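J.:
Protein chains: 2
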Amino acid sequence: MPATIHADANPNGIAHEPECSIAATLEAVGDRWTLLILRDLFRGVHRFEALHRDLGIARNLLTDRLHRLAGLGIVHRVPYQDRPIRHEYRLTTKGADLSPALVALMHWGDRWYAEDGPPTLLIHDACGTPLDQAVSCPECNETVTPHHIRSRPGPGRTIEETL
Amino acid sequence: MPATIHADANPNGIAHEPECSIAATLEAVGDRWTLLILRDLFRGVHRFEALHRDLGIARNLLTDRLHRLAGLGIVHRVPYQDRPIRHEYRLTTKGADLSPALVALMHWGDRWYAEDGPPTLLIHDACGTPLDQAVSCPECNETVTPHHIRSRPGPGRTIEETL
DNA sequence: GCAGTCCGTTGCAAAACGAAACGGACCCGG
DNA sequence: CCGGGTCCGTTTCGTTTTGCAACGGACTGC
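Protein chains in written order, with numbering that gives the first Met the number 0: chain P, 0 to 162; chain U, 0 to 162.
Spelled out as structure tokens, the structure:
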């Protein structure tokens, strides 16, 4: 039996109730473009025009997504000139905190779709070594594979549907 | 400056060319429902009717997504009865390999949207300890934060646009 | 036969998306 | 001052994707 990542039966409101954190996350960033926009922000592409060019996203959608991300506190608008007052978009702590998720998505793509090897390597700035990502047990000090991951209701679970 | 997760300028074909593994991954599983379906598969919900009930997804979409996932080799259809021959959907290795991504997305939701604490805890089956996930450097034997992540073109990058 | 289960399809309206034109605020060279 | 060029949106409109709910098929069990 594979990893049990438990969750609930309600694909709704964003911080609307504690039900499933995966659903909550996808509510915030789980549309066709948002994670790509965030990828570009990590990558150093911060301005509207540059994002538009780089992603090929429709301008109206880009406007919408950027405002939405700002509203969610994932991104903030930093003025880089006045006069035609212009802002660039930068990750907040909350946004930067999505880094592990992007890393995980990238690793999966590397593994299953990069026939000629990864198009991009993530390396340690200090030593240049390609990085790993792993789930680990702080108690046992060992890496845990999906098969050894179990789940149980946490403190935030409402007392309903034990399923 | 936050983590640099570099990527390309083309949000296209799935295994269509090596450009950006994040885009490739999102091409495969980056729509509104797919990751939630996968979450349920991890969680032990394997049948059409159960997925439909649990997720509230439209039946036509569920059909479509499951077939798509099967086509991509992320899921396979296992007969569990003949006669009205019926299949259940199970993760392949490729599908199970998305575990780290789901874990990362869940952690982020836990951190930013679970006011009363995580609705679900992932624990080590051997000892019951809540698990961590981290990016680490195999050389330095230390955890690497987003700020210390750099990126560089890997072997799979086509020789174009140095940006 | 008749109800119930399970999976999937169909038809249609609503929502999201994509492309491209348009508008505003500016800078610059002539 | 005028005609470009840049940068950031907004608007319009046609195409896709969703969501919803009814329907159909293949059984089982009573």
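Each residue gets a CB set at the ideal place from its N, CA and C atoms; glycine is no exception.
Quick caveat, the model's predicted, so the values are computed rather than measured.
Would you kindly report the start and end of the unbroken beta strand (DSSP E) that includes L130/U?
T.: Taking the second sequence and counting its residues from 1, the one referred to as residue 130/U is at position 131. Taken as a continuous stretch (DSSP letters only), L130/U belongs to no beta strand (DSSP E), as it is neither H nor E.
J.: Going by DSSP, what residue range makes up the alpha helix (DSSP H) through L71/P?
T.: Here residue 71/P is taken as the residue at index 72 of the first sequence, counted from 1. Here L71/P belongs to no alpha helix (DSSP H), and DSSP marks it neither H nor E.
J.: Where DSSP assigns a beta bridge to Y88/U, which residues make up the other side?
T.: Here the question's residue 88/U lines up with position 89 in the second sequence. According to DSSP, which records beta bridges pairwise, Y88/U is partnered with R76/U.
J.: Counting Cβ pairs closer than 8 Å, one from the segment 61-76 of chain U and one from the segment 65-79 of chain P, do we hit at least three?
T.: no
J.: Quick one: measure Cβ to Cβ for D109/U and S20/P, integer angstroms, because I've assumed they're closer than 8 Å.
T.: Here residue 109/U corresponds to residue number 110 of the second sequence, with the count starting at 1. Here residue 20/P corresponds to residue number 21 of the first sequence, with the count starting at 1. Yes, D109/U and S20/P are in contact; Cβ-Cβ is about 5 Å, under 8 Å.
J.: Using a C-beta cutoff of 7 Å, does R156/P count as contacting chain U?
T.: If you number the first sequence from 1, residue 156/P lands on position 157. Yes, R156/P counts as interfacial toward chain U.
J.: Near H147/P, what residues of its chain come up, given a Cβ to Cβ distance below 7 Å and the 5 sequence neighbours on each side ignored?
T.: Reading the first sequence from its first residue, position 148 is the one you call residue 147/P. Closer than 7 Å at Cβ, skipping near neighbours: no residue.
J.: Rounding to the nearest angstrom, what Cα-Cα distance links I84/U and T62/P in this structure?
T.: The residue labelled residue 84/U in the question sits at position 85 within the second sequence. The residue labelled residue 62/P in the question sits at position 63 within the first sequence. I84/U and T62/P: Cα-Cα distance of roughly 48 Å.
J.: Taking 7 Å as the CB-CB cut-off, is A113/U touching chain P?
T.: As a working mapping, residue 113/U is identified with position 114 in the second sequence. Cβ-Cβ to chain P under 7 Å: yes for A113/U.
J.: So V74/P contacts chain U; which residues on that side make the cut at Cβ distance below 7 Å?
T.: The residue you call residue 74/P lines up with position 75 of the first sequence. Those do not exist, as V74/P stays about 11 Å from chain U at its closest Cβ, beyond 7 Å.
J.: Pull up the distance between the alpha-carbon of L40/P and that of R82/U, whole angstroms please.
T.: What you label residue 40/P is simply residue 41 of the first sequence in a count that begins at 1. What you label residue 82/U is simply residue 83 of the second sequence in a count that begins at 1. Looking at the two C-alpha atoms, the distance is approximately 53 Å.
J.: Just confirm the distance between the C-beta atoms of R151/P and L120/U, as a whole number of angstroms; I'd bet it's less than 8 Å.
T.: Within the first sequence, residue 151/P is the residue found at index 152, counting from 1. Within the second sequence, residue 120/U is the residue found at index 121, counting from 1. Yes, they are in contact, since the Cβ atoms of R151/P and L120/U sit about 6 Å apart, within 8 Å.
J.: Anything in chain U within Cβ reach of E87/P, meaning under 7 Å, just list it in chain order.
T.: Position 88 of the first sequence holds residue 87/P. By Cβ distance, chain U contributes nothing, its closest Cβ being about 13 Å from E87/P, past 7 Å.
J.: Check A6/P in the structure and name its three-state DSSP category.
T.: Residue mapping note: residue 6/P aligns to position 7 of the first sequence, counting from 1. With a pLDDT of 36 at A6/P, under the threshold of 50, the modelled position of that residue is not reliable, and no figure is offered here.
J.: Within the continuous beta strand (DSSP E) that includes I148/P, where are the two ends?
T.: The residue labelled residue 148/P in the question sits at position 149 within the first sequence. I148 to P152 is the span of the beta strand (DSSP E), which, as asked, contains I148/P.
J.: List the residues of chain P whose Cβ lies closer than 8 Å to the Cβ of Q80/U, in chain order.
T.: By one-based count along the second sequence, residue 80/U stands at place 81. By Cβ distance, chain P contributes nothing, its closest Cβ being about 20 Å from Q80/U, past 8 Å.
J.: What do you reckon, are the CB atoms on L25/U and L54/U nearer than 7 Å?
T.: Position 26 of the second sequence, counted from the start, is the residue given in the question as residue 25/U. Position 55 of the second sequence, counted from the start, is the residue given in the question as residue 54/U. It is not a contact, given that the beta carbons lie outside the stated cut-off.
J.: For R31/P and Y112/P, what's the separation of their Cα atoms in angstroms?
T.: Residue mapping note: residue 31/P aligns to position 32 of the first sequence, counting from 1. Residue mapping note: residue 112/P aligns to position 113 of the first sequence, counting from 1. Rounded to whole angstroms, R31/P and Y112/P show a C-alpha spacing of 19 Å.
J.: Closer than 9 Å, Cβ to Cβ, to anything on chain P: give me those residues from the segment 117-128 of chain U, in chain order.
T.: P117, P118, T119, L120, L121, I122, H123, D124, A125, C126, G127 and T128
J.: Can you tell me where the beta strand (DSSP E) with I122/P in it begins and where it stops?
T.: Counting from one through the first sequence, the residue named residue 122/P turns up at place 123. Here the beta strand (DSSP E) through I122/P covers T119 to H123.
J.: In this structure, how does DSSP classify E48/U when only helix, strand and coil are distinguished?
T.: On the second sequence, position 49 is the one that residue 48/U refers to. Three-state DSSP puts E48/U in a helix.
J.: Expressed to the nearest angstrom, what Euclidean distance is found between the alpha-carbon atoms of G116/P and Q132/U?
T.: The residue you call residue 116/P lines up with position 117 of the first sequence. The residue you call residue 132/U lines up with position 133 of the second sequence. Near 24 Å, if we compare the C-alpha coordinates of Q132/U and G116/P.
J.: Could you give the DSSP three-state label for E138/U: helix, strand or coil?
T.: Taking the first residue of the second sequence as position 1, residue 138/U is located at position 139. E138/U: coil per DSSP, three-state reduction.
J.: Relative to chain U, which residues along the segment 18-36 of chain P have a C-beta separation below 9 Å, given in chain order?
T.: Residues passing the 9 Å Cβ filter: E18, C19, S20, I21, A22, A23, T24, L25, E26, A27, V28, G29, D30, R31, W32, L34 and L35.
J.: Which residues in the same chain as T91/P place their Cβ atom closer than 7 Å to its Cβ, once the five residues preceding and following it in sequence are excluded?
T.: Position 92 of the first sequence, counted from the start, is the residue given in the question as residue 91/P. Correct list, in chain order: G72, I73, V74 and H75.
J.: For V143/U, which three-state DSSP category applies?
T.: The residue you call residue 143/U lines up with position 144 of the second sequence. Note: V143/U maps to coil in three-state DSSP.
J.: Would you mind telling me which residues of chain P sit closer than 8 Å to E138/U, beta carbon to beta carbon, in chain order?
T.: As a first step, residue 138/U must be located in the second sequence, where it is residue number 139. Those within 8 Å of E138/U in chain P are H123, C126 and T128.
J.: Round the Cβ separation of A100/U and A103/P to the nearest angstrom and send it over; I've been treating them as touching at under 8 Å.
T.: For the purposes of this step, residue 100/U is identified with residue 101 of the second sequence, where counting begins at 1. For the purposes of this step, residue 103/P is identified with residue 104 of the first sequence, where counting begins at 1. Confirmed, Cβ separation roughly 4 Å.
J.: Cβ of D131/U less than 7 Å from any chain P Cβ?
T.: As a position in the second sequence, residue 131/U is number 132, starting the count at 1. So yes, D131/U belongs to the interface.
J.: So which residues on chain P does L61/U lean against when the C-beta distance must stay under 8 Å?
T.: In the second sequence, residue 61/U corresponds to position 62, counting from 1. Within 8 Å Cβ-Cβ: nothing; L61/U doesn't reach chain P, min ~12 Å.
J.: Any Cβ of chain U within less than 7 Å of the Cβ of A57/P?
T.: Mapped onto the first sequence, residue 57/P falls at position 58. False, the Cβ-Cβ gap to chain U never drops below 7 Å.
J.: T161/P by DSSP, collapsed to three states: which one?
T.: Counting from 1 along the first sequence, the entry for residue 161/P is found at position 162. Reliability of the predicted coordinates at T161/P is poor, the pLDDT of 37 falling under 50, and no value is obtained from them.
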